[in-house]
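Novice: Have a look at this one.
Protein chains: 2
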Amino acid sequence: MTALRTADVALIDTTSVPSKHGIIRLINRVRVELIDALDLELSKFDISAPQLIVLASVANKEADSASTLCKSISYDPGAMTRMIDRLEQKGLIRRTPNPDDRRATNLELTTAGRALYPQLLAAKETVQAQFLRGFSQDDVRVLEGLLNRMLENR
Amino acid sequence: MTALRTADVALIDTTSVPSKHGIIRLINRVRVELIDALDLELSKFDISAPQLIVLASVANKEADSASTLCKSISYDPGAMTRMIDRLEQKGLIRRTPNPDDRRATNLELTTAGRALYPQLLAAKETVQAQFLRGFSQDDVRVLEGLLNRMLENR
DNA sequence: TGACAATAGTTGCCTAGGCATGTATAGTCC
DNA sequence: GGACTATACATGCCTAGGCAACTATTGTCA
């Protein structure tokens, strides 16, 4: 192994500066800021970020039961029961018995839930637009591509 | 507004697939997977991911007091007090009075903390390497650049 | 079919962060 | 220097997720 020349050192410095604390802390940081901003935006509806994810999953019919929901977003079943309890108390979601499986309960938005959902979605779009200000379509695609590659590496 | 041609629709489909749930959920997802993997890797040391961040900040002398620490990682002061309590109970960190400011307490790693830290760092590197498998140096730089731009947009 | 395993959902217990409040100390400004 | 404000940290209370244990139901398979 040969000694490093000055130019090499400069190169190494440039590349190591952005990852001073590593990608984990960076992603954590971005996530904290995103969730804080989203919670702020959603607070006028008395809805939290996790609640929005659940509502969105039900609204888009990606998940019709609690267990599907848990798997799709890596959420604890016990926490999910209580989360649905809260959303049901708010009158946004409804549990209905599943005729094909008496262990399961189907989930669906109530009229109030369907009415509120577009506003929540708009709030989310606002936050996303704020953080992606100045991003080209390509930038967003690249970012999503890299993040998805991280997930696939799991 | 003119009607979309088939080619346009195809383009739109391609670009919208990755962001089916938006960047917020994607980042959340990556963060969950990262933290899960890190916690698993750290579990043999009985250390959690948040605790590692605190230890690293103290080890790298980025933060010498609790308040600096709170600011640098957006953490609640009350939670930080208890976090430091736990790390102190584990014998990894020490509170020492600050001679210049009697409100503050300085933080430093104990001998045990300094001995353990490199192993924790290696665990973190392992997880990072796992998720960044197949990434070129450029890929990492681009990813960090885009994430930093999101932070700057805040 | 009957035993056994797997799944859906719930509940209790524990842990940990967020917020509000309190206390001590330091800084500011007239 | 004295009143006022800001800061550092700690504590109590509340909320919410993770995990383990439990019940009811369904699937599997000999």
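As you go down the protein sequences, you meet chains E and S in turn. Our numbering applies: residue 642 is where the first sequence begins, and numbers increase by one. Our numbering applies: residue 642 is where the second sequence begins, and numbers increase by one. Yeah, the Cβ is synthetic: ideal placement off N, Cα and C, and Gly gets one too. Owing to the predicted nature of the structure, the values given are computational and were not obtained by experimental measurement.
In this structure, how does DSSP classify Pro691 (chain S) when only helix, strand and coil are distinguished?
Specialist: Numbered from 1 along the second sequence, position 50 holds the residue referred to as residue 691 (chain S). The three-state reading of DSSP puts Pro691 (chain S) in helix, counting H, G and I together.
Novice: Quick one: what's got a C-beta closer than 7 Å to Leu788 (chain S)'s C-beta in the same chain, skipping five residues either side?
Specialist: As a working note, residue 788 (chain S) is residue 147 in the second sequence. Once the five neighbours on either side are set aside, Leu788 (chain S) has no close Cβ partner at all.
Novice: Are Arg795 (chain E) and Gly775 (chain S) close, meaning C-beta to C-beta below 8 Å?
Specialist: Indexing the first sequence from 1 puts residue 795 (chain E) at position 154. Indexing the second sequence from 1 puts residue 775 (chain S) at position 134. Cβ distance not < 8 Å, so Arg795 (chain E) and Gly775 (chain S) don't count as in contact.
Novice: For Leu667 (chain E), go through chain S and note every residue whose CB falls closer than 9 Å to its CB, in chain order.
Specialist: Here residue 667 (chain E) corresponds to residue number 26 of the first sequence, with the count starting at 1. Going along chain S in sequence order, the residues near Leu667 (chain E) (Cβ under 9 Å) are Leu784, Glu785, Leu788, Asn789 and Leu792.
Novice: Are the C-beta of Phe686 (chain S) and some C-beta of chain E separated by less than 8 Å?
Specialist: Your numbering for residue 686 (chain S) matches position 45 in the second sequence. Chain E contact via Cβ: absent.
Novice: So what does Thr746 (chain S) bridge to, in DSSP terms?
Specialist: On the second sequence, residue 746 (chain S) is found 105 positions in, with the first residue counted as 1. Answer is S:Pro738.
Novice: Decide if the segment 668-678 of chain E is in contact with the segment 667-675 of chain S; the criterion is three or more beta carbon pairs, one per stretch, under 8 Å apart.
Specialist: Yes: at least three Cβ pairs fall under 8 Å.
Novice: Below 8 Å between beta carbons: does that hold for Phe686 (chain S) and Leu748 (chain S)?
Specialist: Counted from its first residue, the second sequence places residue 686 (chain S) at position 45. Counted from its first residue, the second sequence places residue 748 (chain S) at position 107. Not a contact, by the Cβ cut-off of 8 Å.
Novice: Check the Cβ of Gln771 (chain E) against every Cβ in chain S and list those closer than 7 Å, keeping chain order.
Specialist: By 1-based counting over the first sequence, the position of residue 771 (chain E) is 130. The answer, in chain order, is Asn794.
Novice: Closer than 7 Å, Cβ to any Cβ of chain S: which residues of the segment 670-694 of chain E, in chain order?
Specialist: Listed by position along the chain: Arg670, Val671, Arg672, Val673, Glu674, Leu675, Leu679 and Ile694.
Novice: Say whether the segment 755-772 of chain S touches the segment 736-744 of chain S, bearing in mind that this needs 3 or more beta-carbon pairs closer than 8 Å, one atom from each stretch.
Specialist: no
Novice: Counting along the chain, where does the alpha helix (DSSP H) carrying Ser713 (chain E) start and finish?
Specialist: The residue labelled residue 713 (chain E) in the question sits at position 72 within the first sequence. Segment Ala707 to Ile714, the alpha helix (DSSP H) holding Ser713 (chain E).
Novice: Shortest alpha-carbon distance to Arg744 (chain E) belongs to which of E:Arg736, E:Thr751 and E:Met724?
Specialist: Locating residue 744 (chain E) in the first sequence gives position 103, counting from the first residue. Measuring from the Cα of Arg744 (chain E), the nearest candidate turns out to be E:Arg736.
Novice: Can you tell me where the alpha helix (DSSP H) with Thr722 (chain S) in it begins and where it stops?
Specialist: The sequence position of residue 722 (chain S) within the second sequence is 81, counting from 1. Note, Thr722 (chain S): alpha helix (DSSP H), Pro718 to Gln730.
Novice: Measure how close the beta-carbons of Ser698 (chain E) and Ser713 (chain E) come, nearest whole angstrom, since I'm counting them as under 8 Å.
Specialist: On the first sequence, residue 698 (chain E) is found 57 positions in, with the first residue counted as 1. On the first sequence, residue 713 (chain E) is found 72 positions in, with the first residue counted as 1. The pair is a contact, with the Cβ atoms about 6 Å apart (cut-off 8 Å).
Novice: Since I believe Ala753 (chain S) is in contact with Leu733 (chain S) (beta carbons under 8 Å), could you give me their beta-carbon distance rounded to a whole number of angstroms?
Specialist: Position 92 of the second sequence, counted from the first residue, corresponds to residue 733 (chain S). Position 112 of the second sequence, counted from the first residue, corresponds to residue 753 (chain S). Contact check for Leu733 (chain S) and Ala753 (chain S): beta-carbon distance about 6 Å, within the 8 Å limit, so the pair qualifies.
Novice: Answer with yes or no whether the minimum CB distance from Ile734 (chain E) to chain S is below 8 Å.
Specialist: For this step, residue 734 (chain E) is matched to residue 93 along the first sequence. No, because no Cβ of chain S sits closer than 8 Å to the Cβ of Ile734 (chain E).
Novice: Tell whether a beta-carbon distance below 8 Å holds between Val768 (chain S) and Ala678 (chain S).
Specialist: By one-based count along the second sequence, residue 768 (chain S) stands at place 127. By one-based count along the second sequence, residue 678 (chain S) stands at place 37. Yes.
Novice: Three-state secondary structure (DSSP) at Asn701 (chain E)?
Specialist: Against the first sequence, residue 701 (chain E) aligns to sequence position 60. Note: Asn701 (chain E) maps to coil in three-state DSSP.
Novice: Which chain E residues are close to Lys765 (chain S), counting only those with a beta carbon under 8 Å from its beta carbon?
Specialist: Walking along the second sequence from the start, residue 765 (chain S) turns up at place 124. Here the neighbours are Gly663 and Ile665.
Novice: How about Ser584 (chain S): is its C-beta nearer than 8 Å to some C-beta of chain E?
Specialist: Since the first residue shown for chain S is 642 and the last is 795, residue 584 (chain S) is missing from the structure and cannot be characterised.
Novice: Using a Cβ-Cβ cut-off of 7 Å (strictly less than) and excluding sequence neighbours within five positions of Val650 (chain E), which residues of its own chain qualify?
Specialist: On the first sequence, position 9 is the one that residue 650 (chain E) refers to. At Val650 (chain E) the pLDDT is 41, less than 50, meaning the model places this residue with poor confidence; the figure from the coordinates comes in the next sentence. Around Val650 (chain E): no qualifying Cβ.
Novice: Would you mind giving the Cβ-Cβ distance between Ile707 (chain E) and Ile725 (chain E), rounded to the nearest angstrom? I have them listed as a contact below 8 Å.
Specialist: Taking the first residue of the first sequence as position 1, residue 707 (chain E) is located at position 66. Taking the first residue of the first sequence as position 1, residue 725 (chain E) is located at position 84. With the sequence shown as reference, residue 707 (chain E) is identified as Ala, and Ile is not the correct amino acid for it. Going by Cβ atoms, the distance from Ala707 (chain E) to Ile725 (chain E) rounds to 6 Å, so yes, they are a contact pair.
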